[in-house]
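Enquirer:
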Amino acid sequence: MEVSQSKRSKSILLVLFIILILSMLAALSVGRYQVPVKKILLVLESRIFGTPLKVEERIATVILNVRLPRIIAGFLVGAGLAISGAAFQAIFKNPLVSSQILGVASGAGFGAAIAILLSESLVLVQISSFFFGLLSVFMTYMLSRVRKKAPILMLVLSGIVVSSLFSALTSMTKYIADPLNKMPAITFWLLGSLNHIAKKDLYVLGPIMLAAMATIFILRWRINLLTMGDEEARSMGVRSERLKGIIIICATLITAASVCLCGIIGWIGLVIPHLGRLLVGPDNRNLIPVSVLVGGSFLIIVDCIARTASSSEIPIGVLTAIIGAPLFAILLRRNRREL
Amino acid sequence: MKNSVRIKVDSAGFRYPSERKLVFENLSFSVEEGEVLFLLGPNGTGKSTLLKTIMGFLIPERGRITLDGEETAKIPPPLMAKKIAYVPQSQVSPFPFRVKDIVLMGRSAHLDPFAMPGRRDEKAAWEAMEQTGIVHLAERRCDSVSGGEWQLVLIARALSQAADILLLDEPTSHLDLGNQMKVLDVIGDLAERGITIVIATHFPDHALLHASTVAIIREAHMLGYGSPEETIKPEILKAAYGIEVHIADLSETLGRKICIPLSPKGERIRGPKEDSREKILIKGGDYDS
Numbered sequence: 003m004e005v006s007q008s009k010r011s012k013s014i015l016l017v018l019f020i021i022l023i024l025s026m027l028a029a030l031s032v033g034r035y036q037v038p039v040k041k042i043l044l045v046l047e048s049r050i051f052g053t054p055l056k057v058e059e060r061i062a063t064v065i066l067n068v069r070l071p072r073i074i075a076g077f078l079v080g081a082g083l084a085i086s087g088a089a090f091q092a093i094f095k096n097p098l099v100s101s102q103i104l105g106v107a108s109g110a111g112f113g114a115a116i117a118i119l120l121s122e123s124l125v126l127v128q129i130s131s132f133f134f135g136l137l138s139v140f141m142t143y144m145l146s147r148v149r150k151k152a153p154i155l156m157l158v159l160s161g162i163v164v165s166s167l168f169s170a171l172t173s174m175t176k177y178i179a180d181p182l183n184k185m186p187a188i189t190f191w192l193l194g195s196l197n198h199i200a201k202k203d204l205y206v207l208g209p210i211m212l213a214a215m216a217t218i219f220i221l222r223w224r225i226n227l228l229t230m231g232d233e234e235a236r237s238m239g240v241r242s243e244r245l246k247g248i249i250i251i252c253a254t255l256i257t258a259a260s261v262c263l264c265g266i267i268g269w270i271g272l273v274i275p276h277l278g279r280l281l282v283g284p285d286n287r288n289l290i291p292v293s294v295l296v297g298g299s300f301l302i303i304v305d306c307i308a309r310t311a312s313s314s315e316i317p318i319g320v321l322t323a324i325i326g327a328p329l330f331a332i333l334l335r336r337n338r339r340e341l
Numbered sequence: 034m035k036n037s038v039r040i041k042v043d044s045a046g047f048r049y050p051s052e053r054k055l056v057f058e059n060l061s062f063s064v065e066e067g068e069v070l071f072l073l074g075p076n077g078t079g080k081s082t083l084l085k086t087i088m089g090f091l092i093p094e095r096g097r098i099t100l101d102g103e104e105t106a107k108i109p110p111p112l113m114a115k116k117i118a119y120v121p122q123s124q125v126s127p128f129p130f131r132v133k134d135i136v137l138m139g140r141s142a143h144l145d146p147f148a149m150p151g152r153r154d155e156k157a158a159w160e161a162m163e164q165t166g167i168v169h170l171a172e173r174r175c176d177s178v179s180g181g182e183w184q185l186v187l188i189a190r191a192l193s194q195a196a197d198i199l200l201l202d203e204p205t206s207h208l209d210l211g212n213q214m215k216v217l218d219v220i221g222d223l224a225e226r227g228i229t230i231v232i233a234t235h236f237p238d239h240a241l242l243h244a245s246t247v248a249i250i251r252e253a254h255m256l257g258y259g260s261p262e263e264t265i266k267p268e269i270l271k272a273a274y275g276i277e278v279h280i281a282d283l284s285e286t287l288g289r290k291i292c293i294p295l296s297p298k299g300e301r302i303r304g305p306k307e308d309s310r311e312k313i314l315i316k317g318g319d320y321d322s
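Residue numbers (the numbering used here), protein chains in the order written: chain A, 3 to 341; chain B, 34 to 322.
Structure follows, in C-alpha cells:
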C-alpha cells in the first residue's frame with residue numbers, strides 16, 4: 003500500500019515533467035514564424051555544446067532571443083504563482099486563498115505602478131512592488147483576525163477589501179499619470195503579458211524567484227506542520243512564527259517579481275494547487291513539486307494560445323482568468339467536501 | 034527512592050492581555066517522573082490555559098513554570114518537543130492528509146529544519162500507530178475517521194515524537210462511552226510504561242481509573258491537590274462543580290470506586306439491604322445559585 007502510494011506520486015511527477023518539456027518545445031516551435039522541432043534542437047545543441055550553427059542565423063535569433071526568454075519567464079511565473087498559492091494556502095490553513103485573493107497581487111501591482119510613475123528603475127519597481135505586496139498581506143491578515151484566529155471566510159473577505167483598496171489606488175495612479183506615455187505603459191503592463199520580457203529583467207528577477215521557490219521547496223514538509231496551527235506546530239518542535247515569516251516573505255517575493263516581469267496574472271495560485279491536490283493529495287512533499295510542474299506548463303501553454311490565437315496578442319492575464327475561473331468553478335462543485 | 038521533579042509550577046498566575054481577571058493565580062504543584070496528574074475543574078476554569086503555559090505557548094504573568102529547572106517559555110521549541118509531547122483538543126485539519134502523514138509530523142523534532150522524514154521516521158510513526166491500535170487507519174484520509182479515532186491519531190502523533198512527558202487536553206470530551214474507554218486504555222498503557230502524563234479532563238471517574246495525583250481547580254484557585262482518595266471527595270467536588278456527588282465504592286465487584294453526579298433537585302437513594310427504609314440522602318443542591 004505504502005509503496006504503491008509513493009510510486010503513484012512518482013509516476014505522476016514523471017508524466018508532468020514530460021508534459022512540461024513537450025509544452026516548452028511546442029512553445030519554441032509555434033508562432034508567426036513556424037520552426038520545426040528538429041531545427042530547434044539543432045539551435046539548442048549549437049548553443050549548449052558550442053558547435054557551429056547548422057541552421058539560418060535568423061531562426062536562431064527567434065528561438066534564443068525572442069521565444070526562449072519568454073518561455074523561461076512563463077515557466078518561472080506559472081510555477082512561482084502556483085507554489086506561492088500552495089504555500090499561502092498551507093500557512094493560512096485555508097484552501098481558498100492565493101496571492102491574488104490575499105491582495106498581494108494588487109498591492110504589488112500598485113507598488114509597481116507608482117514606481118513606474120515616479121522612476122524608470124527596475125530595482126525601484128521591484129522593491130516598491132515587494133513592499134506593497136507585503137503590506138497588503140499584513141493588512142489582510144490583521145483585518146481578518148477575530149479572537150486570535152483568522153476564519154476562512156473573514157480572510158477571503160478581508161482580501162477582497164484590501165484588494166479593492168489597492169486597485170483603486172492603482173486607478174488613481176493611472177489617472178495622475180501622463181496620458182500619452184506613462185498611462186498606457188502602466189495599463190498594458192498591468193493587464194498581464196509576457197510580450198515585453200527583456201532578457202536583462204530576467205537576469206535580475208529570475209534568480210530572485212528561483213531562490214524564493216527553492217526555499218519553499220526545501221521547507222515543504224515543514225509547511226505540512228503549519229497547517230495544524232501555530233501552537234500545535236510549535237509543540238512538535240517547529241519555530242512556527244519564524245517559519246511562517248520566511249514562507250510569507252518568499253511567496254510575496256515571488257508574486258512581486260512576477261508582477262514586475264509581466265503584470266498581474268490571476269487564478270494560477272488558486273487553481274493549480276487545487277488541481278495538484280486532486281492528483282497527489284494535500285501532502286506538500288508531493289503537492290509543491292506538482293504545483294511547480296503544472297503551473298509552469300499551464301502558463302507556457304496559455305501563452306502559446308495568447309500569441310497565436312488571433313492576429314494581435316491577447317493579454318495573458320485575461321486568458322488565465324477566462325480559463326481559470328470556469329476551471330475553479332468545476333473543481334469547487336466536484337470537491338465541495340474538501341472545503 | 035524519590036523520583037526527580039520534571040515540571041514545577043511555582044505560584045504561577047496568568048492573565049490574557051485584553052482581560053482584567055486572572056485565568057489562574059498562585060498555583061503551585063509539581064510533576065514527578067512517571068506521575069500521572071489529572072487536572073479537574075469546571076468549564077472555563079483555565080485547565081487548557083494552564084497546559085498552554087506549561088508548554089510555553091503563553092508566558093505566566095506571575096511566578097515561574099519550569100521543566101527540568103528551565104523556564105518553559107524560554108526553552109526553544111525543538112528542544113521542548115523532545116521532552117514534552119502535546120495532544121491538543123481535537124481540531125480536524127482543513128486539508129485531508131492521510132493518517133500516517135499526520136502521525137509522521139511528530140518526527141519533526143528529531144529532524145533538521147530542511148530535512149525530510151526518512152525510513153527511520155516512518156518506522157517510528159508506524160510503531161506509534163501500533164501502540165494506539167490504529168495501524169488499520171494508516172492510509173485513511175483524516176477527514177474520514179471518527180472523533181475517537183482522530184483522538185488516537187493525535188496521541189500516536191505525540192508518541193512518534195518520542196518525548197517522555199505527555200500533556201493531553203481533554204482527550205475524552207466529545208467521545209462516546211466506548212471511545213472514551215479506548216482512549217483511557219491507551220493512556221493507562223502509557224502510564225505503565227513510565228511516561229509522565231498531565232491530563233485535563235471533565236471526568237472525575239477517569240481520574241479514579243488512572244491518576245496517581247489529582248488537582249482540582251476552580252475560579253483560578255486550587256481546591257484540592259493530592260492522591261485520588263484525598264481529592265475525589267463529595268465536599269471538594271461540590272465546591273468545584275456546585276452539585277452533590279456520590280462516591281460509590283465498588284472495590285469488591287469492580288475493583289474501583291466510581292463517582293456519580295446527583296441531580297441538584299434532590300434524589301432518593303435506597304439504603305443498604307438490611308435497612309429497608311427509603312431515605313433521602315440528598316436534597317437541594319446549588320440549583321438556584
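Using N, Cα and C, we set each Cβ at its ideal position, and we do this for glycine too. Computed from a prediction, not measured in an experiment: that's the story for all the values here.
1) With 8 Å as the threshold, decide whether the Cβ of L333(A) is near any Cβ in chain B.
2) I'd like to know if M141(A) contacts chain B, where contact means its C-beta is closer than 8 Å to some C-beta of that chain.
3) Could you pull the DSSP bridge partners for V38(B) from this structure?
4) From I40(B) to F147(B), what distance separates their C-alpha atoms?
5) Any idea what DSSP makes of F57(B), helix, strand or coil?
6) On the criterion of 16 or more Cβ atoms from any shown chain inside 10 Å, does A200(A) qualify as buried, or is it exposed?
7) How would you label Q36(A), buried or exposed, when you count the other beta carbons within 10 angstroms and need 16 or more for buried?
8) Does the Cβ-Cβ distance between G257(B) and T264(B) come in under 8 Å?
9) Less than 6 Å between C-beta atoms, sequence neighbours within five positions excluded: which residues of the same chain meet that for F300(A)?
10) Would a C-beta distance cut-off of 8 Å place G326(A) and I266(A) closer than the cut-off?
11) Would you say the region 44 to 57 of chain B touches the region 72 to 84 of chain B, given that touching needs at least three Cβ pairs under 8 Å?
12) I need the boundaries of the alpha helix (DSSP H) containing K115(B), first residue and last residue.
13) Ignore the nearest five residues each way along the sequence and tell me which others in G161(A)'s own chain have a CB closer than 6 Å to its CB.
14) Can you confirm whether A189(B), when its beta carbon is compared against all beta carbons of chain A, has any partner nearer than 8 Å?
15) Quick check on M174(A) - is its C-beta less than 8 Å from some C-beta in chain B?
16) Give the list of continuous alpha helix (DSSP H) stretches no shorter than 4 residues that lie fully inside the region 210 to 294 of chain B.
17) Indicate whether T322(A) and V294(A) have their beta-carbon atoms separated by less than 8 Å.
18) Give me the chain A residues within the contact set of S141(B), using Cβ-Cβ distance strictly less than 7 Å, ordered along the chain.
19) Once the 5 residues before and after L217(B) are set aside, which same chain residues still bring their CB inside 7 Å of it?
20) How would you list, in chain order, the residues of chain B whose beta-carbon sits under 7 Å from the beta-carbon of R287(A)?
21) Ordered along the chain, which non-local residues of its own chain (more than five positions away) have a Cβ less than 7 Å from that of I307(A)?
22) Could you run through the region 191 to 212 of chain A and flag, in chain order, every residue whose CB is less than 7 Å away from some CB of chain B?
23) Let's test the definition: count the other Cβ atoms within 10 Å of the Cβ of S141(B) and tell me whether it reaches 16, buried, or not, exposed.
24) Is there at least one Cβ from chain A nearer than 8 Å to D134(B)'s Cβ?
25) For chain B, check one thing: does any of its Cβ atoms lie closer than 8 Å to the Cβ of M230(A)?
26) Who are the neighbours of K95(A) on chain B, taking C-beta pairs under 9 Å?
27) Are the Cβ atoms of M149(B) and R10(A) separated by less than 8 Å?
28) If you count every other CB in all the chains shown that lies within 10 Å of the CB of A51(A), and 16 or more means buried, which is it?
29) For V126(B) and M215(A), which I take to be in contact (beta-carbon distance under 8 Å), what is that distance rounded to the nearest angstrom?
30) Identify which residue in A331(A), S48(A), I318(A) and A88(A) has its Cα closest to the Cα of W226(A).
31) Interface residues of chain B around G111(A) at Cβ under 8 Å?
32) Assuming C262(A) and Q128(A) form a contact by the criterion Cβ under 8 Å, report the distance between their Cβ atoms to the nearest whole angstrom.
33) What residues in the region 85 to 102 of chain B bring their beta carbon closer than 9 Å to a beta carbon of chain A?
34) Reducing DSSP to helix, strand and coil, say where L200(B) ends up.
35) Quick one: which unbroken alpha helix (DSSP H) runs of 4-plus residues sit fully inside the region 111 to 197 of chain B? Chain order, please.
36) Are the CB atoms of A110(A) and F132(A) nearer to each other than 8 Å?
Expert: With the given structure in hand:
1) no
2) no
3) E65(B)
4) 31 Å
5) strand
6) exposed
7) exposed
8) yes
9) G80
10) no
11) yes
12) P110 to K116
13) I103, L104, G105 and T142
14) no
15) no
16) 210 to 225, 237 to 243, 261 to 264 and 267 to 274
17) no
18) R224, L227, M238, G239 and V240
19) T205, H239, L242 and H243
20) M149
21) L321
22) none
23) buried
24) yes
25) yes
26) S126, P127 and F128
27) no
28) According to the sequence provided, residue 51(A) is Phe. The question's Ala does not apply to it. Exposed is the call here.
29) What sits at residue 126(B) in the sequence shown is Ser, not Val. With a Cβ gap of about 25 Å, S126(B) and M215(A) do not count as contacting.
30) Residue 226(A) is actually Asn in this sequence, not Trp. Of A331(A), S48(A), I318(A) and A88(A), the residue nearest in Cα terms is A88(A).
31) In chain order: nothing, as chain B lies at least about 28 Å away.
32) 5 Å
33) K85, M88, G89 and F90
34) strand
35) 132 to 138, 152 to 165 and 180 to 193
36) yes
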